[in-house]
Amino acid sequence: MNRREEFWVKCWRDAAEKSLYRETFPEERKCWDATADYYDAGMGSSNERVDVLLGYLKRQGFWNGSKKQILDIGSGTGAFALPLAACGAAVTALDCSPEMNRIVRQKAREKDLNVKVQTGDFNRLPFETRAYDLVIGSMNPGLYHPEPFLRMLSLSRDLVVYVGICDTPVKKKDNGSCKSLDEILLGHTLTHSGSNHVQYPCQLLKAMGYRPVVLPVQCQWRCEEEEALEVGRLIRHYETVETGIIVKNWREAIRAYVKDALQDGRFINEGKTVMGVLVCSLKSEETAMEMTV
1 MNRREEFWVK CWRDAAEKSL YRETFPEERK CWDATADYYD AGMGSSNERV DVLLGYLKRQ
61 GFWNGSKKQI LDIGSGTGAF ALPLAACGAA VTALDCSPEM NRIVRQKARE KDLNVKVQTG
121 DFNRLPFETR AYDLVIGSMN PGLYHPEPFL RMLSLSRDLV VYVGICDTPV KKKDNGSCKS
181 LDEILLGHTL THSGSNHVQY PCQLLKAMGY RPVVLPVQCQ WRCEEEEALE VGRLIRHYET
241 VETGIIVKNW REAIRAYVKD ALQDGRFINE GKTVMGVLVC SLKSEETAME MTV
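Numbering (full-length UniProt numbering), first residue to last: 1 to 293.
Written out as structure tokens, the structure is:
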């Protein structure tokens with residue numbers, strides 16, 4: 001590893017170690033299980049990043065030739081796995097959440113798509129080196145660290161795709177309160193401390209001699225929910241981190257928070273951010289061999 005690589009690995013690792021999200025949700029599976037049924041109605045309804053990637057792959061002629069083998073790490077409810085399979089690829093959808101995987105299986109079955117769904121932790125499962133034509137990880141907290149990203153690279157014989165944040169998300173407060181629900185219940189705002197920013201994998205790839213492309217895309221979402229359903233969803237979510245909650249009657253605090261936020265009897269959750277869809281070819285002939293260290 002050269003000095004530039006070491007520098008960006010250290011920068012990324014330092015950011016990851018400051019992540020309050022990682023500290024608050026040590027068991028990510030429980031968090032995603034609790035979120036699965038709601039995910040597609042919220043942030044999961046934003047498909048702009050998917051359209052950008054599919055358009056890029058088509059323009060670059062990625063689908064030409066033999067059938068593509070694709071690994072989607074942290075596939076969630078199938079935002080990328082299903083459209084990629086619809087393009088004719090054999091997709092392995094990997095996620096730590098059984099509930100997320102249940103939804104992917106159902107969708108793939110309904111659409112008759114070639115998707116192999118696998119449950120487990122990417123960092124603990126065995127994979128064959130260079131077994132896939134494309135390896136993708138999108139907004140996956142398990143990949144907000146240099147070590148799993150470097151492992152991603154080892155599994156692809158052609159392309160790696162990494163979707164991260166390009167700027168600071170602009171999320172509208174859920175209600176008129178000066179505090180978010182995280183601040184009320186946990187005492188702090190959850191943050192990845194920048195470790196989810198696309199600059200880290202991008203600069204690391206450049207230091208390794210590759211030529212990544214970052215496609216910025218504006219993503220936004222908005223969903224409305226009935227009061228009782230929103231209260232139930234939030235309670236299930238915070239039950240996964242109950243030991244970190246600093247409010248004694250926290251369920252009542254959630255009910256009061258939701259009631260105060262209602263607009264015409266509905267709870268509105270919305271947000272927007274600029275994401276970066278990073279695409280990089282790992283083929284040796286496209287590697288920049290001359291490097292300034």
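Glycine residues also receive a C-beta, built at the ideal position from the N, C-alpha and C atoms.
Beta-carbon proximity check, residue i vs residue j, cutoff 8 Å
i: H145; j: W12; result: yes
i: V160; j: L150; result: no
i: residue 380; j: N140; result: The requested residue 380 does not occur in the structure, where the chain is confined to residues 1 to 293.
i: G137; j: Y162; result: yes
i: A253; j: L185; result: yes
i: G244; j: V198; result: no
i: E48; j: V217; result: yes
i: K233; j: Y38; result: The displayed chain sequence assigns Arg, not Lys, to residue 233. Yes; because the gap between Cβ atoms is below 8 Å, this pair is in contact.
i: Y238; j: L282; result: no
i: C166; j: M275; result: yes
i: L229; j: V52; result: no
i: E224; j: R255; result: no
i: D72; j: V50; result: no
i: E227; j: V258; result: yes
i: W8; j: Q203; result: yes
i: A86; j: L113; result: yes
i: L83; j: L125; result: The amino acid occupying residue 83 in the given sequence is Pro; Leu does not appear at that position. Their beta carbons are not under 8 Å apart, which means P83 does not touch L125 by this criterion.
i: I235; j: R251; result: yes
As assigned by DSSP and simplified to three states, the class of residue i
i: F62; result: coil
i: K283; result: coil
i: L278; result: strand
i: T273; result: strand
i: V241; result: coil
i: L54; result: helix
i: V258; result: helix
i: V163; result: strand
i: D158; result: strand
i: E290; result: Reliability fails at E290, whose pLDDT of 34 lies under 50, so the model's placement of it is uncertain and the value that follows must be treated cautiously. Three-state DSSP puts E290 in coil, outside helix and strand.
Contacts around residue i, its chain only, beta-carbon distance under 6 Å, and the 5 residues preceding and following it disregarded
i: N101; result: D95, V117 and T119
i: K68; result: A89 and D133
i: D121; result: C96
i: V213; result: V279
i: N123; result: P148
i: T240; result: K30, C31 and A34
i: A15; result: S193, G194 and S195
i: V135; result: L71, M152, L155, S156 and V160
i: E242; result: none
i: Y200; result: W12
Neighbourhood of residue i by C-beta, 8 Å cutoff - its chain only, sequence neighbours within 5 removed
i: T189; result: L20, S180, D182 and E183
i: P98; result: R29, D33 and T119
i: R130; result: S154, L155, S156 and R157
i: A36; result: T77, S97, E99, M100, R102 and I103
i: L187; result: A quick correction: the sequence has Gly, not Leu, at residue 187. Closer than 8 Å at the Cβ level, and outside the excluded window around G187, lie I246.
i: V231; result: I254, R255 and V258
Spatial neighbours of residue i in its chain, beta-carbon cut-off 7 Å, leaving aside the 5 residues before and after
i: V104; result: S75, T77, G78, A81, A93, V115 and V117
i: S46; result: C219, Q220 and W221
i: K107; result: G78 and L82
Exercise. Enumerate, from N- to C-terminal direction, the unbroken alpha helix (DSSP H) stretches of 4 or more residues contained entirely within the UniProt domain "Methyltransferase" (70–142).
Key: For the UniProt domain "Methyltransferase" (70–142), whole alpha helix (DSSP H) runs of length 4 or above, ordered along the chain, are 81–86 and 98–111.
Self-check item: Runs of alpha helix (DSSP H) lying entirely within the segment 173–238, each at least 4 residues, in chain order
Solution: 181–186 and 199–207
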